[in-house]
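Residues in the sequence shown are numbered consecutively from 1, following the UniProt record's numbering. Ideal placement from N, C-alpha and C gives every residue a C-beta, glycine not left out. These numbers were taken from a predicted model, which means no experiment stands behind them.
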Amino acid sequence: MPQSAAIIGGIQQLVLYETRARYFLVGSNHAQTKHRVLKIDRTEPKDLVIIDDKHVYNQQEVRELLGRLDQGNRTKIGQKGSSGLSRAVLAFGIVGEHGSGEVYRSIPATLKVTVSTVSSIIIYGRGLEDSS
């Protein structure tokens with residue numbers, strides 16, 4: 001079972017996975033030994049529904065979780081539609097905004113280019129990709 005803990009010191013990498021009903025944002029530390037998972041509901045058109053898993057997974061546990069999500073979301077043979085879980089994008093940060101018309105947008109930072117630092121916060125530039 002995953003260990004209970006709320007904080008990983010410094011998420012360094014984000015991987016966005018998707019199924020027809022949800023996005024799964026998996027964040028990991030630099031060594032990729034600790035992982036956190038956010039679940040984002042894709043079926044609610046007007047509300048942004050985010051579920052924080054609250055567990056810290058090790059590498060094997062997060063692979064098992066992703067494997068179960070893939071198997072559980074596969075369509076039956078002969079049916080049309082998506083199959084399982086697919087990896088959408090690898091990113092080093094995400095900028096989110098509430099667009100016009102009640103549409104939520106996210107922009108993943110796919111290149112890790114440091115522009116500045118403020119205290120211990122790193123500011124990245126360039127490499128932004130619009131996901132809308």
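Please specify which runs of the alpha helix (DSSP H), each continuous and at least 4 residues long, are wholly inside the stretch 29-91, giving them in chain order.
59-72
Nearest CA to the CA of ARG87: which residue from VAL115, PHE24, LYS39, ARG36?
PHE24
Is GLY10 helix, strand or coil when you go by DSSP?
Residue state, collapsed to three classes: coil.
Could you compute how far the alpha carbon of ASN58 sits from the alpha carbon of ASP70?
18 Å
Pull up the distance between the alpha-carbon of HIS30 and that of THR75, whole angstroms please.
Distance between the alpha carbons of HIS30 and THR75: 35 Å.
I need the straight-line Cα distance from THR19 to SER116, nearest angstrom please.
35 Å
Assuming LEU16 and GLY27 form a contact by the criterion Cβ under 8 Å, report the distance between their Cβ atoms to the nearest whole angstrom.
So it is not a contact: roughly 10 Å between Cβ atoms.
So, using beta-carbon positions, are LEU65 and ILE50 closer together than 7 Å?
no
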